[in-house]
Every structure is written in C-alpha cells, then in structure tokens.
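If you count the sequence shown from 1, position 47 lands on 47 in the UniProt record's numbering, and the numbers rise without skipping.
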Amino acid sequence: MGRGTPVRRKVDTMADRNRQQPDPRGAIKDPDDWVTGEEPPTAAQESYLHTLAREAGEEVPDDLTKAEASRRIDELQEETGRGR
Numbered sequence: 001m002g003r004g005t006p007v008r009r010k011v012d013t014m015a016d017r018n019r020q021q022p023d024p025r026g027a028i029k030d031p032d033d034w035v036t037g038e039e040p041p042t043a044a045q046e047s048y049l050h051t052l053a054r055e056a057g058e059e060v061p062d063d064l065t066k067a068e069a070s071r072r073i074d075e076l077q078e079e080t081g082r083g084r
C-alpha cells in the first residue's frame, strides 16, 4: 500500500474566528425574552436611565424591572437623541 499526497486540512485558529463577522441581529434580544428580565435593573441601567430621564425632564418609576428599564432607556434615547 502506497501513501498518497497528505491531505491538508484548514484548522480554524482564534485569529480566524475573531475575523469572522458576528451577525448583529443575534446580539439584539427582545427584553421580553430575557431570562433575567424580571429582576431589578442593574446599577448601570439605573444610572443611565436617571441621566436620560433628567435630560428629558421625566421621572423614573422606582419599581421597574430590568426589561422595563431597558425599554425605557431605548425610548429616552430616541427622545434625547443619545446612544443611537
């Protein structure tokens, strides 16, 4: 039995994986689908939400969930022209 030409296979390296462009649609998830959506907002969400609300001259309810805070941030970003 003779050996033929060795088969060369391309091996993905980390650099190859990093060059692949992720699908941006996969990064945006509906807050209603979040597993942690019913939890309290993160400190970063609360801080940014209060900053946006102050700029828009609006109040922020104290009892928002993480998902509700995210939606409100999106709304206030549209109103204030920030973040988009």
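Beta carbons: idealized from backbone N, C-alpha and C, even for Gly.
| Item | Value |
| --- | --- |
| Where D62 falls: helix, strand or coil (DSSP) | coil |
| Rounded separation between A44 and V11 - CA only | 40 Å |
| Three-way DSSP call (helix, strand, coil) for E38 in this model | coil |
| Reference E46, options K29, D33 and A67, closest by Cα | A67 |
| R54 - containing alpha helix (DSSP H), residue span | A43 to A56 |
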